[in-house]
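Notes for the one structure printed next.
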Amino acid sequence: MQLILGKRAGDAGLASFEALVLPHAAAAYNLARYLMGNEEEAKDVTQEAFLRAYRAFDRYQDRNALAWILAIVRNVSYSALARAGSAQQQAVAFDEDVHSSGESMSTAAFGHPEAQVDRQQNADRVRELVARLPLEFREVVVLREFEELSYKEIAEILAIPEGTVMSRLSRGRSCLRALAADEGTDDAV
Amino acid sequence: MMQCKEVRERLGAYLDGELDERTTPLVAGHVSGCTACNTELQGLRQLQQSLRTHGRWSMPPGFDAELRQRLHDSDTEDNPRAVAVSSDDTPRSNEWGRFVAGLAAGLVLGVTLYLTLVQPTLQGHNLAGRVVALHVQSQLADHLVDVASSDQHQVKPWFQGRINYTVPVYNLADAGFPLLGGRVDYLDGRNVAALVFRHRQHRINLFVWPTAGAGIKLPASETLRGYNLVAQSHNGLDYVAVSDLNQKELETFLRTYLTQAS
């Protein structure tokens with residue numbers, strides 16, 4: 003009988019997990035997609051992160067749900083990257099992934115900045131630039147620019163001091179602008 | 009007076025609103041007088057804009073549902089297993105364990121069937137369901153706002169002539185909920201005002217209509233199909249906020265809004 007009661011508690015747990023944590027699935031996927039570099043692994047990582055979060059949900063104490071799930075996504079991503087090899091290899095794999103799947107940037111658009119570039123091309127270009135950042139800069143850029151987390155929240159997720167968040171973010175942004183300038187798209191990015 | 013070098017190191021944090029009260033005016037003062045640093049700041053701002061507009065990876069189609077399903081599956085498969093393990097003591101209790109496991113599994117199946125088969129039809133008939141449907145529709149049809157403006161003095165008069173009551177309009181940008189605009193939706197045979205706000209990447213629809221009879225016929229808060237609803241009557245108007253934002257922040261949003269409205 004206790005077990006059935008336990009089961010009921012589980013249902014309530016799932017409902018509140020769905021209400022609190024699941025709304026952050028899009029943010030979780032975006033981070034996973036940028037850390038892993040391809041759709042399949044990003045999906046795997048996101049699912050694994052949510053399953054882990056759900057299993058640990060009874061220990062969740064009214065914290066910032068977004069920061070919490072993103073920290074778990076990051077942990078799961080790093081474990082997966084460590085299994086797959088170094089982060090460096092992964093960056094190379096990303097490029098191949100982008101180019102082989104036909105998502106590559108339009109060289110015509112770069113050659114002619116005045117040409118109309120559609121939304122998809124803009125997206126491809128911006129994502130490619132972020133993907134080329136070293137992992138440690140990429141993650142702070144994603145957490146700040148897309149999720150608009152505070153330096154304090156990012157510091158907690160990464161377990162580093164706030165000052166380090168500031169300097170990494172600053173270097174990450176400089177890198178992005180330099181990369182964009184190399185591409186000759188400085189005025190667009 | 010701050011030097012360019014010191015300012016450059018802090019421009020990102022300035023843009024992010026992360027500088028302390030003492031440094032912020034120093035950087036602001038420098039930037040307003042220094043063309044080079046100002047250009048640098050605009051560059052950072054443009055980068056931010058470009059990333060936010062184009063950079064986000066959206067979830068592959070169906071992934072959200074897949075994720076939800078995986079969670080439900082893990083929920084149903086974990087518990088019967090726990091029963092089987094805990095009932096290994098004697099053959100007799102093992103039988104009992106299987107019985108309980110079967111009962112638990114049956115219960116789970118029943119609940120799942122109820123949720124998937126019965127509940128949606130019930131939702132179709134209740135107010136919360138219809139409001140969520142409007143919220144979803146506003147995102148899908150790319151028809152979030154009819155009047156796109158963060159200026160409350162522009163949005164408020166826009167409603168006049170379109171609906172027959174006055175809607176208090178406030179931009180809560182300072183509290184982290186910038187106003188994106190307004191829209192008129194059709195609900196239960198009449199036009200209702202919908203105000204649209206943003207919080208991080210989340211969109212919030214705030215529906216406002218005159219309180220009828222005994223007041224709002226909604227629970228104070230509810231979760232439906234992954235969307236959260238928070239409702240309250242205030243000064244003769246019903247306010248219903250809907251979003252994929254978490255319940256707590258949505259409650260904060262409505263509370264902040266009603267504080268403005270009083």
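Taken in sequence, the protein lines are chains E and Z. Everything in the first sequence is counted per my numbering, starting at 3 for the first residue and increasing by one. Everything in the second sequence is counted per my numbering, starting at 9 for the first residue and increasing by one. Note that CB positions come from ideal geometry on N, CA and C, so glycine has one too.
Whose CA, out of Z:173, Z:207, Z:142, lies closest to the CA of residue 248 of chain Z?
Z:142
Could you run through the stretch 147–174 of chain E and flag, in chain order, every residue whose CB is less than 8 Å away from some CB of chain Z?
147, 148, 149, 150, 152, 153, 168, 171, 172
Under 8 Å by Cβ, that's how I've got residue 212 of chain Z and residue 167 of chain Z pegged, so tell me the actual separation to the nearest angstrom.
About 18 Å separates the beta carbons of residue 212 of chain Z and residue 167 of chain Z, which is beyond the 8 Å limit, so they are not a contact pair.
Report all residues from its chain with a CB closer than 8 Å to the CB of residue 218 of chain Z; omit the five preceding and five following residues, and keep chain order.
173, 244, 245, 246
Quick one: grab the DSSP three-state call for residue 25 of chain E.
helix
Where residue 234 of chain Z sits in the DSSP three-state scheme
coil
What are the boundary residues of the beta strand (DSSP E) that residue 187 of chain Z is part of?
187–195
Please determine, among E:151, E:123, E:37, E:53, the residue with the shortest C-alpha to C-alpha distance to residue 61 of chain Z.
Minimum Cα distance to residue 61 of chain Z is reached at E:123.
Closer than 7 Å to chain E by CB, residue 65 of chain Z:
yes
Provide the residue span of the alpha helix (DSSP H) that contains residue 166 of chain Z, from first to last.
160–167
Thinking C-alpha only, which one of Z:200, Z:14, Z:187, Z:139 is nearest residue 169 of chain Z?
Z:200
Consider the Cβ of residue 31 of chain E: report whether some Cβ of chain Z lies at a distance smaller than 7 Å.
yes
Could you tell me whether the stretch 153–163 of chain E touches the stretch 36–50 of chain E, where touching means 3 or more Cβ pairs closer than 8 Å?
no
Indicate whether at least one CB of chain E lies closer than 7 Å to the CB of residue 62 of chain Z.
yes
Please report the distance separating the alpha-carbon of residue 54 of chain Z from that of residue 135 of chain Z.
42 Å
So residue 179 of chain E contacts chain Z; which residues on that side make the cut at Cβ distance below 7 Å?
51, 55
Looking only at C-alpha atoms, which of Z:15, Z:32, Z:198, Z:21 sits nearest to residue 42 of chain Z?
Z:15
Rounded straight-line distance, which links the Cα of residue 75 of chain E to that of residue 130 of chain Z:
With a pLDDT of 32 at residue 130 of chain Z, under the threshold of 50, the modelled position of this residue cannot be trusted; read the value that follows with caution. Rounded to whole angstroms, residue 130 of chain Z to residue 75 of chain E spans 36 Å at the Cα level.
CB contact below 7 Å: residue 264 of chain Z versus chain E:
no
Go ahead and pull the three-state DSSP assignment for residue 55 of chain E.
In the structure shown, residue 55 of chain E sits in a helix (DSSP, three-state: H, G or I).
Got a sec: is the Cβ-Cβ distance from residue 77 of chain E to anything in chain Z below 7 Å?
no
When Cβ atoms are compared, which residues of the stretch 120–143 of chain E fall closer than 8 Å to chain Z?
Listed by position, the residues of the stretch 120–143 of chain E near chain Z (Cβ gap below 8 Å) are 121, 124, 125, 127, 128, 129, 132, 143.
Give me the Cα-Cα distance between residue 282 of chain Z and residue 171 of chain Z, rounded to the nearest whole angstrom.
The structure shown does not extend to residue 282 of chain Z, since chain Z is modelled only from 9 to 270, so the question has no answer here.
Mind listing the chain Z neighbours of residue 20 of chain E? Cutoff is C-beta to C-beta under 9 Å, in chain order.
76, 79, 231, 234
Between the C-alpha atoms of residue 31 of chain Z and residue 17 of chain Z, what's the straight-line distance to the nearest angstrom?
Between the C-alpha atoms of residue 31 of chain Z and residue 17 of chain Z there is a straight-line separation of about 12 Å.
Following the continuous beta strand (DSSP E) through residue 212 of chain Z, name the residue where it begins and the one where it ends.
210–218
Looking at C-alpha atoms only, which residue of Z:12, Z:20, Z:138 is the closest neighbour of residue 215 of chain Z?
Distances from the alpha-carbon of residue 215 of chain Z to those of Z:12, Z:20, Z:138 put Z:138 closest.
With 7 Å set as the bound, which would you pick, yes or no: does the beta-carbon of residue 62 of chain E sit closer than that to a beta-carbon of chain Z?
Closer than 7 Å: no.
Please determine, among Z:9, Z:44, Z:27, the residue with the shortest C-alpha to C-alpha distance to residue 164 of chain E.
Z:27
Can you find the residues in the same chain that come closer than 7 Å, C-beta to C-beta, to residue 139 of chain E, ignoring five residues on each side of it along the sequence?
170, 173, 174, 177
Buried or exposed: which applies to residue 33 of chain Z, given that a residue is buried once 16 or more other Cβ atoms fall within 10 Å of its Cβ?
exposed
Assigned secondary structure, residue 124 of chain E (DSSP; H/G/I helix, E/B strand, else coil):
Residue 124 of chain E: helix per DSSP, three-state reduction.
What did DSSP end up calling residue 270 of chain Z once you bin it into helix, strand or coil?
It is coil, neither helix nor strand.
Minimum C-alpha distance to residue 220 of chain Z - residue among Z:231, Z:242, Z:189, Z:230:
Z:242
Would residue 49 of chain E be called buried (16 or more neighbouring beta carbons within 10 Å of its own) or exposed?
buried
Going along the chain, which residues of its own chain have a beta-carbon closer than 7 Å to the beta-carbon of residue 56 of chain E, five neighbours each way excluded?
Excluding residues within five positions, the ones whose Cβ falls inside 7 Å are 19.
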